[in-house]
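Engineer: First the structure, then my questions, so here it is.
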Amino acid sequence: MTEIAKVEGLRKSFGKFQALNDVSLTVEAGEVVGFIGPNGAGKSTTIRILLGVLKRDGGEAEIFGKDVWKDSFEIHKRISYVPGDVTLWGNLTGGEIIDLFIKLHGGGDKQKRDYLIQRFELDPKKKAKGYSKGNRQKVGLIAALSVESDFYIFDEPTSGLDPLMEAIFQEEVKKLKEAGKSILLSSHVLSEVEALADKVVIIRQGKIVEAGSLDQLRHLTRSTITLATKGDVAEIATVDGVFDFEQKENQATFSAENKALDAILMKASQLGVKKFEAVPPTLEDLFMRHYKGE
Amino acid sequence: MNEKFARWELLFLQNLKRDWKKMIVWILGIGLFAAGFVPAFEEIAKGQGLVGMYEIMKNPAMISMVGTTPILTASDYTIGAMYAQEMLLFCGLFAMIVSILHIVSHTRKEEELGLTELVRSFQIGRQANSLAAIVQVIFVNLILALFIPVTMISFSVETITVSGSLLFGLSVGMAGLIGAGIALLMAQIMPTSSGATGASLGIVGLLYIIRAVTDVSNADLSLMNPMGWTYLTNPFTENNWLPLLFGLIFTVILIIIGFALEGARDMGSGYLPEREGRATAKRSLLSVRGLLIKINKGTIISWLLGFVVMGVAYGSIYGDMQVFIESNELIEQMFSAEGVSMEASFTGTIMMVMIGLVSILPITIVNKLYTAENRLYLSQIYATKVTRRELYWTSVSLAIFTGLVGILLSVVGLGGTAMIVMDGSRSITLTDFLAAGFNFLPSVLFFISLAALALGWAPRLGKAVHGYLVFSFMLNYFSGIIDLPEWFLKTSIKSWIPHMPTEDFDLLIFVIIAVISITLMILGSIGYRRRDLQEGA
Ligand SMILES: Nc1ncnc2c1ncn2[C@@H]1O[C@H](COP(=O)(O)OP(=O)(O)OP(=O)(O)O)[C@@H](O)[C@H]1O
Ligand SMILES: [Mg+2]
Chain A
1 MTEIAKVEGL RKSFGKFQAL NDVSLTVEAG EVVGFIGPNG AGKSTTIRIL
51 LGVLKRDGGE AEIFGKDVWK DSFEIHKRIS YVPGDVTLWG NLTGGEIIDL
101 FIKLHGGGDK QKRDYLIQRF ELDPKKKAKG YSKGNRQKVG LIAALSVESD
151 FYIFDEPTSG LDPLMEAIFQ EEVKKLKEAG KSILLSSHVL SEVEALADKV
201 VIIRQGKIVE AGSLDQLRHL TRSTITLATK GDVAEIATVD GVFDFEQKEN
251 QATFSAENKA LDAILMKASQ LGVKKFEAVP PTLEDLFMRH YKGE
Chain B
1 MNEKFARWEL LFLQNLKRDW KKMIVWILGI GLFAAGFVPA FEEIAKGQGL
51 VGMYEIMKNP AMISMVGTTP ILTASDYTIG AMYAQEMLLF CGLFAMIVSI
101 LHIVSHTRKE EELGLTELVR SFQIGRQANS LAAIVQVIFV NLILALFIPV
151 TMISFSVETI TVSGSLLFGL SVGMAGLIGA GIALLMAQIM PTSSGATGAS
201 LGIVGLLYII RAVTDVSNAD LSLMNPMGWT YLTNPFTENN WLPLLFGLIF
251 TVILIIIGFA LEGARDMGSG YLPEREGRAT AKRSLLSVRG LLIKINKGTI
301 ISWLLGFVVM GVAYGSIYGD MQVFIESNEL IEQMFSAEGV SMEASFTGTI
351 MMVMIGLVSI LPITIVNKLY TAENRLYLSQ IYATKVTRRE LYWTSVSLAI
401 FTGLVGILLS VVGLGGTAMI VMDGSRSITL TDFLAAGFNF LPSVLFFISL
451 AALALGWAPR LGKAVHGYLV FSFMLNYFSG IIDLPEWFLK TSIKSWIPHM
501 PTEDFDLLIF VIIAVISITL MILGSIGYRR RDLQEGA
């Protein structure tokens with residue numbers, strides 16, 4: 001597979017504040033990468049460096065094999081970007097701004113534009129200052145989706161969209177994916193990431209703390225297990241890799257590392273299993289664990 | 001009080017807490033400026049100073065800039081009279097402008113930024129915010145009005161009387177209130193906060209120019225002008241308190257109308273209606289140039305119109321000037337002795353004023369690129385094949401272009417009108433006007449280049465370029481009145497340029513300043529291409 005975007009050892013500080021401290025990630029061709037992390041973790045900063053808006057202090061950052069700072073002009077011809085806070089000139093209409101963005105990008109598909117305006121139910125005649133947050137976001141999305149690009153960078157693209165519109169956004173992204181486009185998607189909407197991403201990169205305090213496919217990541221985390229036994233269930237607590245053990249009579253709920261499962265099952269069978277439920281970690285659990293920095 | 005204004009006093013106290021530093025700078029800045037020049041004027045008055053200054057101040061060019069005096073003979077001219085004539089109008093103008101900026105930023109601007117919505121969600125009246133802002137302005141101007149006389153009296157100059165000083169201070173304060181009233185009204189009428197600021201400043205500019213014309217032709221007419229209700233109190237001479245009453249009534253009416261309009265409108269909108277727009281963009285919009293023109297269009301058109309009006313207004317003075325000279329043998333001799341015509345001398349001075357004002361527009365245009373950057377307007381555009389170089393140079397070129405057109409329009413307005421009103425004896429031609437105007441082109445380029453340099457390296461300093469413009473304007477203004485050291489004068493770019501038509505064109509200076517300006521612009525472009533864009537920071 002070819003690498004569309006490649007970031008390695010990226011560093012960036014604002015004054016004394018170190019916003020990025022060794023960020024590395026790659027986006028392969030045809031891949032959707034979810035980029036998640038708590039507020040202020042450095043997602044937008046990373047993205048702005050990729051866009052050539054900020055200059056990195058150190059490390060490497062390439063898109064299409066070209067340097068994001070020096071060759072931004074070449075790169076920009078083939079990328080689309082939607083920020084999380086689309087801000088528009090109040091006295092231009094949504095339609096005008098979409099046309100302008102498309103043209104400045106180098107031209108797009110008029111039919112696609114009209115189709116998207118209809119899909120997202122945007123009134124293009126309204127002056128932008130009259131748009132709600134969600135409608136401003138739609139303007140940015142429509143402009144970015146109307147042009148032909150190879151790499152799409154979305155920074156919280158659906159902030160402010162209602163669930164219906166968010167579903168439409170997801171459908172459109174799936175179409176891009178089917179067409180073999182690569183996408184970097186930063187978002188706080190975990191269900192969105194779960195639905196779209198092939199790979200997830202988690203950033204925290206300017207550092208990548210985890211990266212891999214969802215399955216891989218799941219494997220790294222603990223499952224929640226509910227177990228009822230004939231014998232005293234308390235013995236399970238002594239197994240290595242069992243955490244948050246809570247007992248109610250002879251039933252216990254705890255989280256367990258996947259590698260501990262074998263030992264737990266052995267012990268449980270000695271005690272006589274009455275009930276066994278294992279819930280794999282939800283995305284939420286997965287992220288919570290990293291967000292809180294355990 | 002009415003529930004619309006419920007708990008305004010909370011907001012008022014909040015404002016005081018938040019703005020106390022700003023308010024101190026405001027009061028000290030205008031106050032010391034208004035009162036602190038007394039010793040300097042004492043210096044001027046020594047020897048034959050007062051008589052000489054009285055004659056200088058009879059020049060229509062001076063009257064059109066600083067205002068009139070009720071004194072009829074040179075021997076009656078006192079330090080107080082001179083101080084009031086030369087200082088009061090300008091101080092009032094400052095107080096007015098600062099109050100306008102304050103009111104718009106505390107009402108309409110906050111609304112735009114969504115702060116008002118937040119505040120209103122607590123149990124606070126719909127209009128409490130505006131009331132708090134108005135009370136704050138009244139409060140500041142009142143302190144200012146008292147601070148000025150106290151400072152003035154402390155110099156213990158005989159003709160700077162206590163009652164005169166108090167009147168002087170109150171006149172400045174009243175100017176501030178009138179500005180606040182205008183701003184409150186415009187904040188309701190105009191669709192955006194920048195529109196409200198622009199319209200308010202435009203009105204003030206217009207009133208100033210109208211009074212320039214009436215001061216020269218018939219000073220009584222200036223008493224019909226709200227601007228006249230400040231400096232025509234004539235402190236230290238006539239001590240006329242009546243204009244303050246006019247000003248007060250006028251302000252109260254403006255504020256009442258302002259509140260009534262505010263009560264009836266929706267948050268975030270103005271009275272001038274928004275038309276439904278286009279579903280698709282016109283071809284002319286679809287480029288960086290098209291975009292920059294479009295977003296600056298309102299500003300450009302209103303300023304250019306302002307330049308024409310300004311030119312025409314000052315031009316109309318030329319007619320009166322002839323009458324004035326013919327009626328005064330001494331003045332006639334004075335000018336013919338120096339070998340320059342009064343028209344030429346007037347043109348030289350006025351041109352400096354006009355081109356100074358013309359410079360505001362291009363600086364604003366360059367600064368706007370940073371505003372757009374900071375407010376995230378450009379985020380998506382940076383990610384297209386538009387380069388920073390293109391954004392930068394398109395902005396700078398647009399600024400230069402508006403500078404050129406601004407000079408042309410104001411000069412043609414001035415010269416054209418002057419040609420019409422000066423029947424018969426024309427000592428000056430339209431070409432002289434054009435030459436005198438474009439002679440200042442390098443200064444306009446220089447201001448643009450400073451703004452461009454700031455944009456490239458330290459964009460937050462962009463606003464300071466306006467400050468430097470005001471500074472150099474004042475320097476040239478006061479150089480006519482007070483002797484300032486040569487090196488100090490030279491800190492204003494315009495001091496380097498000869499004042500045509502009384503002085504000769506200096507090609508070398510013209511070229512040097514132009515080259516320096518272009519160099520600074522190029523330096524700025526290097527910075528703009530290398531720095532982090534500051535989005536929302
Ligand atoms: N221009 C700037 N100047 C100073 N500090 C900055 C600047 N831009 C970002 N920061 C800081 O860098 C850190 C990372 O910010 P960034 O916007 O990248 O976070 P994020 O992961 O996108 O967060 P969010 O989820 O809230 O969007 C934050 O602490 C932020 O305050
Ligand atoms: Mg962000």
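Protein sequence lines correspond, in order, to chains A and B.
Just so it is clear: in the first sequence, position 187 is 187 by my numbering, and no numbers are missing.
Just so it is clear: in the second sequence, position 122 is 122 by my numbering, and no numbers are missing.
Cβ coordinates follow ideal geometry from the N, Cα and C atoms, glycine included.
What are the residues that DSSP puts in a beta bridge with glutamate 111(A)?
Structural biologist: Here the sequence assigns glutamine to residue 111(A), which means glutamate is not the residue at that position. Paired residues: none, contrary to the question.
Engineer: Cβ of serine 495(B) versus every heavy atom of ligand 2: is any distance shorter than 8 Å?
Structural biologist: no
Engineer: Go to asparagine 21(A), then tell me how far its alpha helix (DSSP H) extends in each direction, as first and last residue.
Structural biologist: Per DSSP, asparagine 21(A) lies in no alpha helix (DSSP H) segment; the continuous beta strand (DSSP E) that holds it begins and ends at 17-28.
Engineer: Is there a Cβ from chain A that is less than 9 Å from the Cβ of glutamine 380(B)?
Structural biologist: Yes, contact with chain A.
Engineer: Given a cut-off of 9 Å on the beta-carbon distance, is the pair valine 465(B) and isoleucine 363(B) in contact?
Structural biologist: The answer is yes: Cβ separation under 9 Å.
Engineer: Taking only three categories from DSSP, how would you classify serine 341(B)?
Structural biologist: Coil.
Engineer: Given the structure, does lysine 112(A) come close to ligand 2, in the sense that its CB is under 8 Å from one of the ligand's heavy atoms?
Structural biologist: no
Engineer: Under 7 Å Cβ to Cβ from aspartate 506(B), same chain only, skipping five residues before and after it: list those, please.
Structural biologist: Pro498
Engineer: In the structure shown, what three-state DSSP assignment does lysine 46(B) receive?
Structural biologist: Here DSSP, grouped into helix, strand and coil, assigns lysine 46(B) to coil.
Engineer: Could you tell me how far apart the beta carbons of threonine 229(A) and lysine 274(A) are, in whole angstroms, since I believe they sit closer than 8 Å?
Structural biologist: 6 Å
Engineer: So, helix, strand or coil for valine 68(A), using DSSP?
Structural biologist: coil
Engineer: I want to see whether chain A comes within less than 9 Å of valine 288(B), judged by CB atoms only; does it?
Structural biologist: yes
Engineer: In chain order, what residues of the same chain have a beta carbon less than 7 Å from the beta carbon of valine 288(B), not counting five sequence neighbours either side?
Structural biologist: Val386, Glu390, Leu391 and Thr394
Engineer: Checking 9 Å against the spacing of the C-beta atoms, do leucine 361(B) and leucine 292(B) come in under that value?
Structural biologist: no
Engineer: Since proline 157(A) and leucine 141(A) are thought to touch, with beta carbons under 8 Å apart, how far apart are those beta carbons, to the nearest angstrom?
Structural biologist: 6 Å
Engineer: Near phenylalanine 297(A), which residues of its chain fall below 6 Å by C-beta distance, leaving aside the five closest residues on each side in sequence?
Structural biologist: This structure does not reach residue 297(A), given that chain A is present from 1 up to 294, and the question cannot be answered.
Engineer: Can you give the Cα-Cα distance for leucine 450(B) and arginine 460(B), rounded to whole angstroms?
Structural biologist: 12 Å
Engineer: What separation, rounded to the nearest whole angstrom, lies between the Cα atoms of isoleucine 36(A) and glycine 202(B)?
Structural biologist: 50 Å
Engineer: Output, in chain order, the set of chain B residues within a Cβ distance shorter than 8 Å of leucine 51(A).
Structural biologist: Tyr382 and Ala383
Engineer: Consider the Cβ of threonine 238(A): report whether some Cβ of chain B lies at a distance smaller than 9 Å.
Structural biologist: No, no contact with chain B.
Engineer: Please find out if some non-hydrogen atom of ligand 2 comes closer than 8 Å to the beta-carbon of glutamate 192(A).
Structural biologist: For glutamate 192(A), the shortest separation between its Cβ and any heavy atom of ligand 2 does not lie below 8 Å.
Engineer: Counting pairs of Cβ atoms below 8 Å between the segment 171-188 of chain B and the segment 134-143 of chain B, do you hit three or more?
Structural biologist: yes
Engineer: Tell me the DSSP bridge mates of glycine 34(A)?
Structural biologist: Leu185(A) and Val200(A)
Engineer: Between the beta-carbon of leucine 244(B) and the beta-carbon of serine 165(B), is there less than 9 Å?
Structural biologist: no
Engineer: Does the separation of the CB atoms of serine 255(A) and arginine 222(A) fall below 9 Å?
Structural biologist: Yes.
Engineer: For glycine 95(A), collect the residues of the same chain with a Cβ closer than 8 Å to its Cβ; drop the 5 residues on either side in sequence, then sort them by chain order.
Structural biologist: Ile117, Pro124 and Lys125
Engineer: With DSSP as the reference, please indicate the residues paired to phenylalanine 276(A) in a beta bridge.
Structural biologist: Leu227(A)
Engineer: Along the chain, where does the alpha helix (DSSP H) that runs through lysine 12(A) open and close?
Structural biologist: First-last for lysine 12(A): 3-14, but that is the beta strand (DSSP E), not the alpha helix (DSSP H).
Engineer: Return yes when the C-beta of alanine 41(A) is under 8 Å from any heavy atom of ligand 1, and no when it is not.
Structural biologist: Yes, since a heavy atom of ligand 1 falls inside the 8 Å radius drawn around the Cβ of alanine 41(A).
Engineer: Let me check understanding here. Comparing Cα to Cα, which of Leu453(B), Val511(B) and Leu489(B) lies closest to arginine 530(B)?
Structural biologist: Minimum Cα distance to arginine 530(B) is reached at Leu453(B).
Engineer: Using the Cα positions of lysine 129(A) and methionine 62(B), report the straight-line distance between them to the nearest angstrom.
Structural biologist: 45 Å
Engineer: For aspartate 262(A), is the beta carbon positioned less than 8 Å from some heavy atom of ligand 2?
Structural biologist: Flag unset: Cβ of aspartate 262(A) not near ligand 2.
Engineer: Closer than 8 Å by beta-carbon distance: list the chain E residues that pair up with aspartate 532(B), in chain order.
Structural biologist: Absent from the structure is chain E; the protein chains it does hold are A and B.
Engineer: Taking the alpha-carbon positions, what's the alanine 183(B) to valine 200(A) distance?
Structural biologist: 53 Å
Engineer: One question on the structure: do alanine 180(B) and leucine 11(B) come within less than 9 Å of each other, judged by their Cβ atoms?
Structural biologist: no
Engineer: At which residue ranges does the segment 112-147 of chain A contain complete alpha helix (DSSP H) runs of 4 or more residues, listed in the order of the chain?
Structural biologist: Scanning the segment 112-147 of chain A from its first residue to its last, the whole alpha helix (DSSP H) runs of 4-plus residues come out as 133-146.
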